[in-house]
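Numbering (the UniProt record's numbering), first residue to last: 1 to 235. Positions of the beta carbon are idealized from the N, C-alpha and C atoms, including for glycine. Computed from a predicted model, the values in this text were never measured in an experiment.
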C-alpha cells in the first residue's frame with residue numbers, strides 16, 4: 001500500500017479504484033505467508049510465531065521508511081496520514097469497491113464458525129473431528145488478507161480495533177464464533193465510528209488522526225487485559 005502512495009504509476013480509473021486494495025492485499029498476503037512458513041519451520045510454538053512477527057514487522061517498517069525517504073513532500077504527507085490512520089480520505093466510490101471484497105470475505109469467515117469452534121480444541125482434535133485443518137487455515141488466511149487489505153487501503157493503519165474488540169466480544173458473548181464473528185464486525189464498526197467522531201471534535205477545527213486516538217486508548221486497555229488474565233490464571 002505504501003508503494004502505491006509513493007511510486008509514480010498511471011492506470012485506468014477502474015484499476016485505480018482496486019489498485020490500492022490489490023497492493024495492500026499482496027503485501028498482507030506476503031507477510032502472512034512468510035510468517036506462516038517460518039513459524040511452521042520450527043516447533044510451531046506461539047513464542048516462535050510472535051518472534052517471527054516482530055522481525056517481519058521491523059522489516060516492513062524499514063521498507064516504509066525507505067519509501068518515505070524517496071518520496072516528495074506531497075507523497076510524504078499522504079504516507080504520514082496513512083500511517084497514522086484516518087477516515088478523512090474515504091469516499092463512497094472506494095467504500096463500494098471495498099464492500100465487494102469485505103462482504104464476501106466476512107461471510108466466508110462466518111460460514112467457518114463451527115469449524116473454528118472445533119479448532120479451539122487443538123489441531124489434532126479438530127482433525128479427528130473431521131476438520132481439514134490446513135485447508136481451513138489457508139482459507140482463513142486468505143479471508144483475513146482480503147479484509148485487512150480493503151480496510152487498510154481506505155483508512156490506513158488504525159491500531160488496536162482488531163485486538164480490543166474481539167477480546168471484549170469474547171468476554172461478553174463467549175467463545176462461540178457463530179456469534180463472535182458478526183458481533184466483532186458490528187462492534188468494531190461502532191467503536192471506530194465513535195473514535196472517529198471523537199477525533200474530529202477533540203481538536204476541532206483540526207482533525208486528529210483516528211489511529212492515534214485508538215492507539216492511545218487501546219494500548220493501556222490491552223495491557224490491563226493482559227495483566228488481568230495473568231492474575232486470573234495465577235489465582
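Residue i Cβ short of 6 Å to the ligand NAP heavy atom set
i	result
residue 210	Within the structure as shown, the ligand NAP is missing, as the structure has no ligands at all.
Buried or exposed by the 16-neighbour rule on C-beta atoms within 10 Å, applied to residue i
i	result
residue 138	exposed
residue 65	exposed
residue 158	buried
residue 88	exposed
residue 50	exposed
residue 24	buried
residue 82	buried
residue 93	exposed
residue 73	exposed
residue 129	exposed
residue 41	exposed
Same chain only: Cβ atoms within 7 Å of residue i, ignoring 5 sequence neighbours per side
i	result
residue 120	175
residue 117	176, 177
residue 143	105, 108, 109
residue 90	154, 155
residue 167	225
Inter-residue Cα distance where the pair is residue i and residue j
i	j	result
residue 215	residue 204	20 Å
residue 225	residue 33	29 Å
residue 131	residue 122	11 Å
residue 202	residue 95	25 Å
residue 48	residue 133	20 Å
residue 19	residue 101	13 Å
residue 162	residue 140	15 Å
residue 228	residue 219	14 Å
Cβ-Cβ distance between residue i and residue j below 7 Å
i	j	result
residue 106	residue 185	yes
residue 31	residue 56	yes
residue 188	residue 210	no
residue 21	residue 150	yes
residue 53	residue 70	no
residue 84	residue 198	no
residue 79	residue 62	no
Neighbourhood of residue i by C-beta, 6 Å cutoff - its chain only, sequence neighbours within 5 removed
i	result
residue 173	179, 180, 183
Alpha helix (DSSP H) runs wholly inside the stretch 100-141, at least 4 long, in chain order
113-119, 123-128
Which ranges would you report for the alpha helix (DSSP H) in the stretch 202-235 if only whole runs of at least 4 residues count?
210-234
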